[in-house]
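Protein chains: 2
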Amino acid sequence: MAKDDQIPFEAALLASTGPIEALLRRLLDDRPLSGEIARPQRLMEAMRHGVLNGGKRLRPFLVMESAALFSADGEAALRVAAALECVHCYSLIHDDLPAMDDDDLRRGQPTVHKAFDEATAILAGDALLALAFDIIADEATMLPAERRAALVLALARAAGAGGMVGGQMLDLEAERIQPEEAGIIRLQAMKTGALIRFACEAGAIVAGAPAADRERLAEFGSAIGLAFQLADDLLDLTADARQMGKATGKDAAAGKATLVALHGANWARNQLQGLVDQAHALLCPYGEDAVLLKQAAEFVAARNS
Amino acid sequence: MAKDDQIPFEAALLASTGPIEALLRRLLDDRPLSGEIARPQRLMEAMRHGVLNGGKRLRPFLVMESAALFSADGEAALRVAAALECVHCYSLIHDDLPAMDDDDLRRGQPTVHKAFDEATAILAGDALLALAFDIIADEATMLPAERRAALVLALARAAGAGGMVGGQMLDLEAERIQPEEAGIIRLQAMKTGALIRFACEAGAIVAGAPAADRERLAEFGSAIGLAFQLADDLLDLTADARQMGKATGKDAAAGKATLVALHGANWARNQLQGLVDQAHALLCPYGEDAVLLKQAAEFVAARNS
Numbered sequence: 000m001a002k003d004d005q006i007p008f009e010a011a012l013l014a015s016t017g018p019i020e021a022l023l024r025r026l027l028d029d030r031p032l033s034g035e036i037a038r039p040q041r042l043m044e045a046m047r048h049g050v051l052n053g054g055k056r057l058r059p060f061l062v063m064e065s066a067a068l069f070s071a072d073g074e075a076a077l078r079v080a081a082a083l084e085c086v087h088c089y090s091l092i093h094d095d096l097p098a099m100d101d102d103d104l105r106r107g108q109p110t111v112h113k114a115f116d117e118a119t120a121i122l123a124g125d126a127l128l129a130l131a132f133d134i135i136a137d138e139a140t141m142l143p144a145e146r147r148a149a150l151v152l153a154l155a156r157a158a159g160a161g162g163m164v165g166g167q168m169l170d171l172e173a174e175r176i177q178p179e180e181a182g183i184i185r186l187q188a189m190k191t192g193a194l195i196r197f198a199c200e201a202g203a204i205v206a207g208a209p210a211a212d213r214e215r216l217a218e219f220g221s222a223i224g225l226a227f228q229l230a231d232d233l234l235d236l237t238a239d240a241r242q243m244g245k246a247t248g249k250d251a252a253a254g255k256a257t258l259v260a261l262h263g264a265n266w267a268r269n270q271l272q273g274l275v276d277q278a279h280a281l282l283c284p285y286g287e288d289a290v291l292l293k294q295a296a297e298f299v300a301a302r303n304s
Numbered sequence: 000m001a002k003d004d005q006i007p008f009e010a011a012l013l014a015s016t017g018p019i020e021a022l023l024r025r026l027l028d029d030r031p032l033s034g035e036i037a038r039p040q041r042l043m044e045a046m047r048h049g050v051l052n053g054g055k056r057l058r059p060f061l062v063m064e065s066a067a068l069f070s071a072d073g074e075a076a077l078r079v080a081a082a083l084e085c086v087h088c089y090s091l092i093h094d095d096l097p098a099m100d101d102d103d104l105r106r107g108q109p110t111v112h113k114a115f116d117e118a119t120a121i122l123a124g125d126a127l128l129a130l131a132f133d134i135i136a137d138e139a140t141m142l143p144a145e146r147r148a149a150l151v152l153a154l155a156r157a158a159g160a161g162g163m164v165g166g167q168m169l170d171l172e173a174e175r176i177q178p179e180e181a182g183i184i185r186l187q188a189m190k191t192g193a194l195i196r197f198a199c200e201a202g203a204i205v206a207g208a209p210a211a212d213r214e215r216l217a218e219f220g221s222a223i224g225l226a227f228q229l230a231d232d233l234l235d236l237t238a239d240a241r242q243m244g245k246a247t248g249k250d251a252a253a254g255k256a257t258l259v260a261l262h263g264a265n266w267a268r269n270q271l272q273g274l275v276d277q278a279h280a281l282l283c284p285y286g287e288d289a290v291l292l293k294q295a296a297e298f299v300a301a302r303n304s
């Protein structure tokens, strides 16, 4: 399954994408579900363009591995993972819009508003957000209703004004109002941290794990969410566009404050190691079962694309 | 409570807005909820601008009256009504964007992207959509988890690619591809019909009413949803901007096909009467308890603003 030059974790991540890609493709089919009137073709094409784009599917992987830690039902976890990926992809579609980050490329392909148009991109994002809650609430996600409702609530809160969307708002404002260190940390915990935290917490909710485990997994998610953003900021400073498949050096050009800009690359690399250690410590109670999640923490901190 | 020149139904509708306004104001407070990190002030102001704008709150009224038909818990119905209004208001914010209908005025006030900016308007809409599912899924909506999950599913499906968002997509395309009569009816059933249908169905779900009642209320919602759009098209043809608080005659100017344009105003008035009769017939089993819902059907068909 793995190419020879891949480390084992990357091979595991790649191997995990098969089922999630298949499910996303099925969920984004043109045929309407019960209670739907019709699925306009152009809208569905735009949604598929924004979702079925060769993403690494890191968040789905985190949902599924966290759920596996508690021997949860794999099919239910897979649907929650797909819902989360819909939210992640909607946020990229909207963030790329001219009124926001104004990006033409995403993974080397035209962004949705470039491949279609702005109105279609806005609507495709809106529809993906609604679809995420549809997927979780549906009885096809074979979980007790209490867990489906808890997952809807946690995802809505992670994605909304007090989470991801609020973080994007703060990020846009950061170009005008330079935030202090605490402000940058809060912005990042919201913009990218909240969904990664949810990914890890969701596995515990799917499994009906005790509250203490749910909190432990959420904290693990927060730690690797912070690491994810630090690695991203480091990369923005050092990588070229070819490596990223999107424009780079944009933060500095926009005068955006990042922790890396504030403290330098060496500090950032030390911080990353500290976050990986913290993430590993949180997983101690799960022993060998958590080996892939531990590797995920290292992968997030060391990633170069 | 009623002004002297108001008909009784309008007085009842107006009287019903007090609790919903108060709840919406509380839900859109600056203070973060548990699980939220912070609520950025500018984002919350934009959300409040888009929601607390003197709307008639017809959809919340329909939720609450439908729920009352089955003696459902009023507080739970009120929260579902607020969630639905968040979805309705998000859709107006996004529809008004320059890339979509490009409207500067809504109820005589600047639209959100005019009062703030495009990026903030996109994010305010996104956050309102997430908030809607947050409100319903929350245990504070004192309903069994089965009903909360069913409400999330029905709302997501009504709002998504196979409902409202898909309808807006078809509406944008209708400027280029003139749809046939069947296409116009489908477009309208999705764009405005789906949420009004949900409003009426939601009351039955909140109450845990039998499936036959749920279906009956949904059909009632579909009938008045069609009437709502017909009345809107009539109004667009005949009213002036002062009366509407927004630009009028835009459909004709954009060359948009409507049933009124296709068949004329007299045909439309006959159709409206037929839809009201149909709506009334659907409510027959509920006798006197449904008097306000029957009046709502007449109000929707006869409205002039």
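Protein sequences, first through last, are from chains G and R. Position 219 of the first sequence, counting from 1, maps to 218 under numbering that gives the first Met the number 0, and the rest follow consecutively. Position 274 of the second sequence, counting from 1, maps to 273 under numbering that gives the first Met the number 0, and the rest follow consecutively. Cβ coordinates follow ideal geometry from the N, Cα and C atoms, glycine included.
Excluding sequence positions up to five away, which residues of its chain have a Cβ less than 7 Å from the Cβ of residue 216 (chain G)?
So the list reads 65, 199, 200, 202 and 203, once near-sequence residues are dropped.
Would a check of beta-carbon distances place residue 167 (chain R) closer than 9 Å to chain G?
With respect to chain G, the C-beta atom of residue 167 (chain R) has a partner C-beta closer than 9 Å.
Members of the segment 54 to 66 of chain R that neighbour chain G once the beta carbon cut-off is set at 8 Å
Against chain G - using a Cβ distance shorter than 8 Å - the segment 54 to 66 of chain R contributes no residues.
Can you pull the chain G neighbours of residue 189 (chain R), defined as C-beta to C-beta under 8 Å?
36 and 37, listed in chain order.
Report the three-state DSSP secondary structure of residue 268 (chain R) (helix, strand or coil).
DSSP places residue 268 (chain R) in helix when its eight states are reduced to three.
9 Å is my cut-off, CB to CB: does residue 223 (chain G) come that close to chain R?
Contact of residue 223 (chain G) with chain R is not assigned, every C-beta pair being separated by 9 Å or more.
What distance in whole Å lies between the Cβ atoms of residue 220 (chain G) and residue 195 (chain G), which are believed to be in contact at a cut-off of 8 Å?
With 8 Å as the limit, residue 195 (chain G) and residue 220 (chain G) qualify as a contact, their Cβ atoms being about 5 Å apart.
From residue 228 (chain G) to residue 191 (chain G), what does the alpha carbon distance come to, in whole angstroms?
C-alpha separation (whole angstroms): 7 Å.
From the DSSP output, read off the bridge partner residues of residue 105 (chain R).
Paired residues: R:108.
Helix, strand or coil at residue 147 (chain R) according to DSSP, with G and I counted as helix:
Correct three-state label for residue 147 (chain R): helix.
Any chain R beta carbon closer than 9 Å to residue 96 (chain G):
It does; some Cβ of chain R falls within 9 Å.
Applying a beta-carbon distance threshold of less than 7 Å, which residues of chain G neighbour residue 132 (chain R)?
The contacting residues are 132, 151 and 155.
C-beta atoms of residue 334 (chain R) and residue 270 (chain R) nearer than 9 Å:
Since the first residue of chain R shown is 0 and the last is 304, residue 334 (chain R) is not available in this structure.
With 16 as the cutoff for other CB atoms within 10 Å, does residue 59 (chain G) come out buried or exposed?
By the neighbour-count rule (16 or more Cβ atoms within 10 Å), residue 59 (chain G) is buried.
Given a cut-off of 9 Å on the beta-carbon distance, is the pair residue 296 (chain G) and residue 275 (chain G) in contact?
Cβ atoms of residue 296 (chain G) and residue 275 (chain G): closer than 9 Å.
Mind pulling the chain G residues with CB within less than 8 Å of residue 164 (chain R)?
Within chain G, the residues whose beta carbon sits less than 8 Å from that of residue 164 (chain R) are 42, 122, 125, 126 and 129, listed in sequence order.
Whole-angstrom distance between residue 146 (chain R) and residue 132 (chain G), CA atom to CA atom:
If you take the alpha carbons of residue 132 (chain G) and residue 146 (chain R), they lie about 14 Å apart.
Continuous alpha helix (DSSP H) stretch holding residue 286 (chain G): start and end:
Run containing residue 286 (chain G): none; DSSP gives neither H nor E here.
How is residue 255 (chain G) classed by DSSP in three states: helix, strand or coil?
Residue 255 (chain G) falls in the coil class under three-state DSSP.
Can you name, in chain order, every residue of its own chain whose Cβ lies under 8 Å from the Cβ of residue 114 (chain R), other than the five neighbours on each side?
Hits under 8 Å: 45, 48 and 108.
Inter-stretch contact at 8 Å, needing at least 3 Cβ pairs: the segment 151 to 169 of chain G / the segment 14 to 31 of chain G:
Flag = no, the segment 151 to 169 of chain G and the segment 14 to 31 of chain G do not touch.
Could you spell out the range, first to last residue, of the alpha helix (DSSP H) harbouring residue 177 (chain R)?
No alpha helix (DSSP H) holds residue 177 (chain R); DSSP gives it neither H nor E.
If we define contact as Cβ-Cβ less than 9 Å, is residue 335 (chain G) a contact residue for chain R?
Outside the shown range of chain G (0 to 304) lies residue 335 (chain G), about which nothing can therefore be said.
Between G:300, G:82 and G:20, which lies nearest to residue 231 (chain G) when the distance is taken from Cα to Cα?
It is G:300 whose Cα lies nearest to the Cα of residue 231 (chain G).
Can you list the alpha helix (DSSP H) stretches of 4 or more residues lying completely in the segment 176 to 213 of chain R, in chain order?
Counting only runs of 4 or more, we get 180 to 187 and 193 to 206.
Span separating the alpha-carbon of residue 255 (chain G) from that of residue 173 (chain G)
Straight-line measurement puts the Cα of residue 173 (chain G) at about 6 Å from the Cα of residue 255 (chain G).
Please state whether DSSP places residue 28 (chain R) in a helix, a strand or coil.
In the structure shown, the three-state DSSP call for residue 28 (chain R) is coil.
According to the neighbour-count rule (16 or more other Cβ atoms, all chains shown, within 10 Å of its Cβ), is residue 156 (chain G) buried or exposed?
So residue 156 (chain G) ends up on the buried side.
Taking the C-alpha atoms as reference points, what is the distance between residue 111 (chain G) and residue 284 (chain R)?
So the alpha carbons of these two residues sit roughly 49 Å apart.
Out of G:73, G:78 and G:83, which one is the CA nearest neighbour of residue 57 (chain G)?
The shortest C-alpha separation from residue 57 (chain G) is found at G:83.
Looking at residue 68 (chain R) and residue 280 (chain R), is the spacing between their C-beta atoms short of 9 Å?
In this structure, residue 68 (chain R) does not lie closer than 9 Å to residue 280 (chain R) by Cβ.
For residue 75 (chain R), which residues of its own chain have a beta-carbon under 7 Å away from its beta-carbon, when the five flanking residues on both sides are left out?
Taking C-beta separations shorter than 7 Å and ignoring five residues to either side along the sequence, the partners of residue 75 (chain R) in its chain run 140, 141, 142 and 205, following chain order.
Between residue 12 (chain R) and residue 72 (chain R), what straight-line distance do the alpha-carbon atoms span, to the nearest angstrom?
Distance between the alpha carbons of residue 12 (chain R) and residue 72 (chain R) is about 19 Å.
Could you round the C-beta distance between residue 169 (chain G) and residue 189 (chain G) to whole angstroms and report it? I think they count as a contact, below 8 Å.
Contact holds; Cβ gap of about 7 Å.
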